[in-house]
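S.K.: First the structure, then my questions, so here it is.
So, in structure tokens, the structure goes:
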């Protein structure tokens, strides 16, 4: 089946960064923003546990947002409207300032433009454990907007997360494509290359490679961002049509 669609991971792929240091700094800034209004250690622990609840969830009738909220509120005596007001102000006022923790380069725009010029449909397949606002901010850091893609996965809309194959199946359903028509481009062996289980082709980006060791998945092609750009532009490898 001819490849028609490219799914791009964001963190560590289009947006050059190291995920673990970014998440640690992000949580630290959340704690700083909360200040003394709440038990910071307890709050951060609850955010982390609610995030893990999203990752292990297998409830197709609940969005990731719903899973997060249900876990958070059922394990806390805090009033949701008070805590969420702080979350909203954090994502509005503080999160945009965290771009210094990333290393955006011109490659993201070049790669996306090459994909469009070759007639590929494109989507951002970023792990939907963040609210829409946070993901859109990260797109802005590479000089792009959600309007430039057919789909950007966010926790308000998606029902699964990486590395659940159901996440990739849901993307295919939303786009109306078969997995065999797609190439998943990402830098994470376990979270991105798992797309191969559905029959998607895969391209492993090596600049900010992440690999926890197990499990391992088939990789159809690998290379740097520059080599990814060349492959898309020339229509070679997994991008041949």
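Numbering (my numbering), first residue to last: 10 to 250. Ideal Cβ positions, reconstructed from N, Cα and C, are used throughout, including at glycine. Note that the coordinates shown come from a computational prediction; the quantities given were computed from them, not determined experimentally.
With residue 210 as the anchor, note down where its beta strand (DSSP E) starts and where it stops.
M.R.: Sequence index remark: in the chain shown, residue 210 carries index 201 (1-based). Segment 210-214, the beta strand (DSSP E) holding residue 210.
S.K.: Taking only three categories from DSSP, how would you classify residue 23?
M.R.: Position 14 of the chain shown, counting from 1, holds the residue named residue 23. Coil at residue 23, not helix or strand.
S.K.: Among 222, 249 and 216, which one has its Cα closest to the Cα of residue 24?
M.R.: Residue numbering aside, residue 24 sits at position 15 when the chain shown is read from its first letter. Checking every option, the nearest Cα to that of residue 24 belongs to 216.
S.K.: For the beta strand (DSSP E) holding residue 63, just list the boundary residues, first then last.
M.R.: For this step, residue 63 is matched to residue 54 along the chain shown. Here residue 63 belongs to no beta strand (DSSP E); instead the alpha helix (DSSP H) covers 49-65.
S.K.: Can you tell me whether residue 218 is helix, strand or coil according to DSSP?
M.R.: What you label residue 218 is simply residue 209 of the chain shown in a count that begins at 1. Coil.
S.K.: Please report the straight-line C-alpha distance between residue 68 and residue 58, rounded to a whole angstrom.
M.R.: Sequence index remark: in the chain shown, residue 68 carries index 59 (1-based). Sequence index remark: in the chain shown, residue 58 carries index 49 (1-based). Approximately 17 Å, taken between the alpha carbons.
S.K.: Check the C-beta distance from residue 123 over to residue 242 and give it rounded, since I have them as a contact under 8 Å.
M.R.: Working through the chain shown from its first residue, we reach residue 123 at position 114. Working through the chain shown from its first residue, we reach residue 242 at position 233. That belief holds up - the Cβ atoms of residue 123 and residue 242 are roughly 4 Å apart, short of 8 Å.
S.K.: In its own chain, which residues sit with a C-beta less than 6 Å from the C-beta of residue 117, not counting the 5 before and 5 after it?
M.R.: The sequence position of residue 117 within the chain shown is 108, counting from 1. Cβ within range, chain order: 23 and 151.
S.K.: Does residue 171 pass the burial test, meaning 16 or more other C-beta atoms within 10 Å, or should it be called exposed?
M.R.: As a first step, residue 171 must be located in the chain shown, where it is residue number 162. Residue 171 comes out buried.
S.K.: In the DSSP output, which residue or residues are listed as bridge partners for residue 197?
M.R.: Looking up residue 197 in the chain shown gives position 188. Answer is 219.
S.K.: DSSP on residue 250, reduced to helix/strand/coil?
M.R.: The residue labelled residue 250 in the question sits at position 241 within the chain shown. Reduced to three states, the DSSP call for residue 250 is coil.
S.K.: Assign residue 10 to buried or exposed, taking buried as 16 or more other Cβ atoms, counted over all protein chains shown, within 10 Å of its Cβ.
M.R.: Position 1 of the chain shown, counted from the first residue, corresponds to residue 10. Under this definition residue 10 is an exposed residue.
S.K.: Decide if residue 238 is buried, meaning its Cβ has at least 16 other Cβ atoms within 10 Å, or exposed.
M.R.: As a first step, residue 238 must be located in the chain shown, where it is residue number 229. So residue 238 counts as buried.
S.K.: Unbroken alpha helix (DSSP H) runs of length 4 or more, entirely within the stretch 123-164: which are they?
M.R.: 141-150
S.K.: By Cβ distance, which residues of its chain are closer than 6 Å to residue 74, with the 5 residues on each side in sequence left out?
M.R.: Start at 1 with the first residue of the chain shown, and residue 74 comes out as number 65. Take residue 74, set aside five residues on each side of it, and the residues of its chain with a beta-carbon closer than 6 Å to its own are 164 and 165, in chain order.
S.K.: Examine the Cβ distances between the stretch 145-160 and the stretch 72-91 and report whether three or more of them are shorter than 8 Å.
M.R.: Pairwise C-beta distances place the stretch 145-160 out of contact with the stretch 72-91, as fewer than three of them are shorter than 8 Å.
S.K.: Does the beta-carbon of residue 137 have 16 or more other beta-carbons within 10 angstroms, so that it is buried, or is it exposed?
M.R.: Walking along the chain shown from the start, residue 137 turns up at place 128. Residue 137 is buried by the Cβ-count criterion.
S.K.: Could you check which residue in 220, 167, 218 and 190 has the C-alpha nearest to that of residue 76?
M.R.: Locating residue 76 in the chain shown gives position 67, counting from the first residue. Comparing Cα-Cα distances from residue 76 to each of 220, 167, 218 and 190, the minimum goes to 167.
S.K.: From the DSSP output, in three-state form, read off residue 230 for me.
M.R.: For the purposes of this step, residue 230 is identified with residue 221 of the chain shown, where counting begins at 1. Correct three-state label for residue 230: strand.
S.K.: With distance defined between alpha-carbon atoms, name the residue in 103, 113 and 140 nearest to residue 149.
M.R.: Here residue 149 refers to the residue found at position 140 when the chain shown is read from its first residue. It is 113 whose Cα lies nearest to the Cα of residue 149.
S.K.: Report yes if the C-beta distance between residue 263 and residue 231 is below 8 Å; otherwise report no.
M.R.: Residue coverage of the chain in this structure runs from 10 to 250, which leaves residue 263 outside it and unanswerable.
S.K.: Measure the CB-CB distance between residue 193 and residue 220 and report whether it falls below 8 Å.
M.R.: Reading the chain shown from its first residue, position 184 is the one you call residue 193. Reading the chain shown from its first residue, position 211 is the one you call residue 220. No. Outside cutoff.
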